[in-house]
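A.B. asks: Protein chains in written order, with my numbering: chain V, 1 to 334; chain C, 1001 to 1263.
By construction, the Cβ of each residue, glycine as well, lies at the ideal position given by its N, Cα and C atoms.
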Amino acid sequence: MAQVIQYLLNGIMNGALYALIAVGIVSIFKSTKVVSFAHGHVIMFGAYFYFTFAVILPGAEFMPDWVAKWEPEWLLAYKEGAAMFSPKAAIAAWVSNLPRIVLGLVGSIVCNALLAVFIERAFMRPLLGQSSLSMILCTVGLIWVLEGSASLIWSADIDQVPPLGPNFPIRFTVFDSQVFLFSSSVVNFVIALILFIGLMLVLRYTRSGVAVRATAEDQSTAYAMGINVPAVFTTAWVVAATTGAIAGAILASRNGLSPTLGLFGLSVLAVVLMGGLDSFAGVFIASMIIGIFEAFTQWQFGGEYAEIVPYVLVLLVILWRPNGLMGQAEIERI
Amino acid sequence: MLQINNINVNYHHAVQVLKGFSISVKPGEVTALLGANGAGKTTVLKAASGLLPLENGHIEDGDIIFDGHSVRQVKPHLLARKGLVHVREGRRIFAEMSVEDNLKAATYALTGRKAGQGIDQVYTYFPRLQERSRQLAGLLSGGEQQMLAMARALIAEPKLILLDEPSLGLAPKMVDEIFAIIARINREQNVSMLLVEQNARAAFSVSHQGYIVENGKVVLEGRIDELKANEDIQTFYLGMGDADGEKSFRDVKHYKRRKRWLN
Chain V
1 MAQVIQYLLN
11 GIMNGALYAL
21 IAVGIVSIFK
31 STKVVSFAHG
41 HVIMFGAYFY
51 FTFAVILPGA
61 EFMPDWVAKW
71 EPEWLLAYKE
81 GAAMFSPKAA
91 IAAWVSNLPR
101 IVLGLVGSIV
111 CNALLAVFIE
121 RAFMRPLLGQ
131 SSLSMILCTV
141 GLIWVLEGSA
151 SLIWSADIDQ
161 VPPLGPNFPI
171 RFTVFDSQVF
181 LFSSSVVNFV
191 IALILFIGLM
201 LVLRYTRSGV
211 AVRATAEDQS
221 TAYAMGINVP
231 AVFTTAWVVA
241 ATTGAIAGAI
251 LASRNGLSPT
261 LGLFGLSVLA
271 VVLMGGLDSF
281 AGVFIASMII
291 GIFEAFTQWQ
301 FGGEYAEIVP
311 YVLVLLVILW
321 RPNGLMGQAE
331 IERI
Chain C
1001 MLQINNINVN
1011 YHHAVQVLKG
1021 FSISVKPGEV
1031 TALLGANGAG
1041 KTTVLKAASG
1051 LLPLENGHIE
1061 DGDIIFDGHS
1071 VRQVKPHLLA
1081 RKGLVHVREG
1091 RRIFAEMSVE
1101 DNLKAATYAL
1111 TGRKAGQGID
1121 QVYTYFPRLQ
1131 ERSRQLAGLL
1141 SGGEQQMLAM
1151 ARALIAEPKL
1161 ILLDEPSLGL
1171 APKMVDEIFA
1181 IIARINREQN
1191 VSMLLVEQNA
1201 RAAFSVSHQG
1211 YIVENGKVVL
1221 EGRIDELKAN
1231 EDIQTFYLGM
1241 GDADGEKSFR
1251 DVKHYKRRKR
1261 WLN
């Protein structure tokens, strides 16, 4: 029983990460009807920007020391006598990292937003009004452009970055059995949840949400009705890239930073297809299912199978519901 | 209100659709544009509302003047915000959104202007839409969808509405209802309209002025009374034969000859 709950929790935490990556793909698809194959690589760029602003820049000579390691009196006093790996020590370490974490996040969000504006202006806007297939293929091409330029600008070596939240194990008892979690996973989970719910509410209940949905359904008609469609497109790409920057920072702090991070993002596309390309709720559920399924497969059959079995499930679900779990099929006239 | 001066339009720089096309829409009037399929009527509306570039269409010569300004290069959303609204062929409502959200989307055309008449005001023309304001627009009947498309245009406080085949696919009774609303909007809101139609009888019932288009050119124009009296129009658009039944083939040839001469 303990192990079931343990793997269930691990699965949910992994699922939240998938959801955080997926949110960008859905937001681009919802407004532009373009499936962005390059989203994983935009996330990778976010991770590298985070690395640049949280590791390289604080280490530069002209930066004041407190950016790299912030140690005010009260923090030293707080840390005094804390055991290794205790929550106290982890929180103290996190607080002293806080300046560079904030710098890294702000930097990567801003830079990724600029990257998104560039991609949208340079590659998507000229194709406005063409079939969305040409835009989709354009994002496929972007994969290699981004991957290549990342290893040009930075290096292909694996680097470490500071985690977004304090990292210590949380132990607790459920049904008389001991389970444990990493606190940073909980932080990631909360971030993913907030972003998801926030975007869903904006889309469903605000006037801007109406503009996005109108654009999604019929670009040229929305355009002729006074909605600034190119601006909607830019916004969608910026939303995707900024959430991607956060996802990138989280991924890099968990698994280390390397250009292969983009491929991981690409695999999340399967999760998005399972949930339904245009449904935030469906994609969230699919992320959780895949996360949990992956964890249980790993437990029962080992790591090799965990790479395959969840995606077989994706295929089965798509056979059963071609538009994904909660994807909207075209409305038939009654 | 709207003046199209001698424009040439082609698609993909390969297919010439309009050749030296000119019309003018007078303020407060409904102007009808009649013609066979493929004559270029819809292209005229797309040229006026700025949608042509999205479909690889190009205006080569001439100019389009709306409200005293050239609008050849203006983006569609800015035109809508200036009061030129296009109700497109096949209604093009947002099927997966509720009726109310469809209307809310249309309020973007009011950006940068004083707040227009509210949704409630527009519902007075379309009481049936009010009853269904929460329903998904895709589940409305054809006639209701056409009403929604026109309601969306009305929200935008238009000076000119471009109406593309409002009678498309509707039952005769519904066509009458739609055209009654068109006449009422024109009368009460003093909105000019450019109306593209296949149903000439319905179009004539609301229009003040008309143009007959063939192969991308205007072949006949005039006030509606003049057009109604025109023998060719009676035969080929209104379906009125002579008293002794169908016209003979020789007369059809006369019509063709006449058209060639007009070309």
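Does M1150 (chain C) have its Cβ less than 9 Å from a Cβ in chain V?
C.D. replies: No, M1150 (chain C) does not count as interfacial toward chain V.
A.B. asks: Give the interface partners of H1086 (chain C) over in chain V, defined as CB-CB distance under 7 Å, in chain order.
C.D. replies: Here the neighbours are A224.
A.B. asks: Quick check on V34 (chain V): does DSSP put it in helix, strand or coil?
C.D. replies: DSSP places V34 (chain V) in coil when its eight states are reduced to three.
A.B. asks: What whole-angstrom Cβ distance do P162 (chain V) and F182 (chain V) have, given they're in contact under 8 Å?
C.D. replies: Not confirmed; about 15 Å, so no contact.
A.B. asks: Compare the Cα-Cα distances from G1265 (chain C) to each of C:L1079, C:S1141 and C:H1086 and report the closest residue.
C.D. replies: A query on residue 1265 (chain C) cannot be resolved here, the shown segment of chain C reaching from 1001 to 1263 and no further.
A.B. asks: By a C-beta neighbour count over all protein chains shown, 10 Å radius and 16 as the cutoff for buried, is P1158 (chain C) buried or exposed?
C.D. replies: Flag for P1158 (chain C) reads buried.
A.B. asks: Could you compute how far the alpha carbon of T221 (chain V) sits from the alpha carbon of A231 (chain V)?
C.D. replies: Distance between the alpha carbons of T221 (chain V) and A231 (chain V): 15 Å.
A.B. asks: If you draw a straight line from the C-alpha of E332 (chain V) to the C-alpha of G46 (chain V), how long is it?
C.D. replies: Residue placement at E332 (chain V) cannot be trusted, given a pLDDT of 47 that sits under 50; what the coordinates show is reported in the next sentence. Cα-Cα distance, rounded: 41 Å.
A.B. asks: What's the C-alpha gap between A1243 (chain C) and R1187 (chain C)?
C.D. replies: Its pLDDT being 48, under 50, A1243 (chain C) is placed unreliably in this model, and the coordinates cannot settle the point.
A.B. asks: Mind checking if E1096 (chain C) is an interface residue toward chain V, Cβ cutoff 9 Å exclusive?
C.D. replies: It does; some Cβ of chain V falls within 9 Å.
A.B. asks: Going by the beta-carbon positions, is the gap between L128 (chain V) and V42 (chain V) smaller than 9 Å?
C.D. replies: Not a contact, by the Cβ cut-off of 9 Å.
A.B. asks: Tell me where the beta strand (DSSP E) around E1197 (chain C) begins and ends.
C.D. replies: It spans S1192 to E1197 - the beta strand (DSSP E) in which E1197 (chain C) sits, taken as one unbroken run.
A.B. asks: Quick one: is A83 (chain V) buried, meaning 16 or more other Cβ sit within 10 Å of its Cβ, or exposed?
C.D. replies: A83 (chain V) should be labelled exposed.
A.B. asks: Any C-beta of chain C sitting closer than 9 Å to the C-beta of S220 (chain V)?
C.D. replies: Yes - at least one Cβ of chain C is within 9 Å of the one on S220 (chain V).
A.B. asks: Could you give the first and the last residue of the continuous beta strand (DSSP E) run that contains F1021 (chain C)?
C.D. replies: Start and end: V1015 to V1025.
A.B. asks: So is K1173 (chain C) buried or exposed if we call it buried at 16+ other beta carbons inside 10 Å?
C.D. replies: Exposed, by the Cβ-count rule.
A.B. asks: Are the beta-carbon atoms of A1032 (chain C) and V1196 (chain C) separated by less than 9 Å?
C.D. replies: Yes.
A.B. asks: Buried or exposed: where does W144 (chain V) fall if 16 or more other Cβ atoms within 10 Å of its Cβ makes it buried?
C.D. replies: Classification of W144 (chain V): exposed, given that the 10 Å Cβ count is below 16.
A.B. asks: Between I1094 (chain C) and A1109 (chain C), is the Cβ-Cβ spacing less than 9 Å?
C.D. replies: Inspection of the sequence shows that residue 1094 (chain C) is occupied by Phe rather than by Ile. Against a cut-off of 9 Å, the Cβ pair of A1109 (chain C) and F1094 (chain C) comes out as no contact.
A.B. asks: Please list the partners that A236 (chain V) has in chain C, where partner means a Cβ-to-Cβ separation under 9 Å.
C.D. replies: Those within 9 Å of A236 (chain V) in chain C number zero; the least Cβ separation is about 16 Å.
A.B. asks: What's the call for S279 (chain V), buried or exposed, on a 16-neighbour Cβ count within 10 Å?
C.D. replies: Label assigned to S279 (chain V): buried.
A.B. asks: Alpha carbon to alpha carbon, how far is E1165 (chain C) from S1205 (chain C)? Give it in angstroms, no decimals.
C.D. replies: If I take the Cα positions, the gap works out to 14 Å.
A.B. asks: Quick one: grab the DSSP three-state call for F280 (chain V).
C.D. replies: Of the three classes helix, strand and coil, the one that applies to F280 (chain V) here is helix, per DSSP.
A.B. asks: Given a threshold of 16 other Cβ atoms within 10 Å of its Cβ, counted over all protein chains shown, does G1020 (chain C) qualify as buried or as exposed?
C.D. replies: With fewer than 16 Cβ atoms within 10 Å of its Cβ, G1020 (chain C) is classed as exposed.
A.B. asks: Using the beta-carbon count (16 or more within 10 Å), is D1120 (chain C) buried or exposed?
C.D. replies: The residue in question, D1120 (chain C), is exposed, as its Cβ has fewer than 16 Cβ neighbours within 10 Å.
A.B. asks: On a Cα-Cα basis, can you pick out the residue from V:Q328, V:V317, V:A150 and V:Q298 that is closest to V4 (chain V)?
C.D. replies: Of V:Q328, V:V317, V:A150 and V:Q298, the residue nearest in Cα terms is V:Q298.
A.B. asks: Rounded to the nearest angstrom, what separates L76 (chain V) and W66 (chain V) at their Cα positions?
C.D. replies: C-alpha separation (whole angstroms): 14 Å.
A.B. asks: Measure from the C-beta of R121 (chain V) to each C-beta in chain C and report whether the shortest distance is under 9 Å.
C.D. replies: By this cut-off, R121 (chain V) is not an interface position.
A.B. asks: Apply the 10 Å Cβ neighbour rule to G40 (chain V) and answer buried if 16 or more other Cβ atoms are within range, or exposed otherwise.
C.D. replies: Buried, since its Cβ has 16 or more Cβ neighbours within 10 Å.
A.B. asks: Kindly indicate the opening and closing residues of the beta strand (DSSP E) around F172 (chain V).
C.D. replies: Element bounds for F172 (chain V): P169 to V174.
A.B. asks: Taking the C-alpha atoms as reference points, what is the distance between I1023 (chain C) and G1068 (chain C)?
C.D. replies: Cα-Cα distance, rounded: 15 Å.
A.B. asks: Leaving out the 5 sequence neighbours to the left and right, which residues in its chain are closer than 6 Å to Q1016 (chain C) when beta-carbon positions are compared?
C.D. replies: The residues are N1010.
A.B. asks: Mind pulling the chain C residues with CB within less than 8 Å of L128 (chain V)?
C.D. replies: Going along chain C in sequence order, the residues near L128 (chain V) (Cβ under 8 Å) are L1054.
A.B. asks: Assign L1129 (chain C) to buried or exposed, taking buried as 16 or more other Cβ atoms, counted over all protein chains shown, within 10 Å of its Cβ.
C.D. replies: With 16 or more other Cβ atoms within 10 Å, it is buried.
A.B. asks: Among C:V1025, C:L1018 and C:L1051, whose alpha-carbon lies nearest the alpha-carbon of M1193 (chain C)?
C.D. replies: Out of C:V1025, C:L1018 and C:L1051, C:V1025 has the C-alpha closest to the C-alpha of M1193 (chain C).
A.B. asks: Can you check whether the CB of L1148 (chain C) is closer than 9 Å to the CB of V1191 (chain C)?
C.D. replies: No, Cβ-Cβ distance for V1191 (chain C) and L1148 (chain C) is not below 9 Å.
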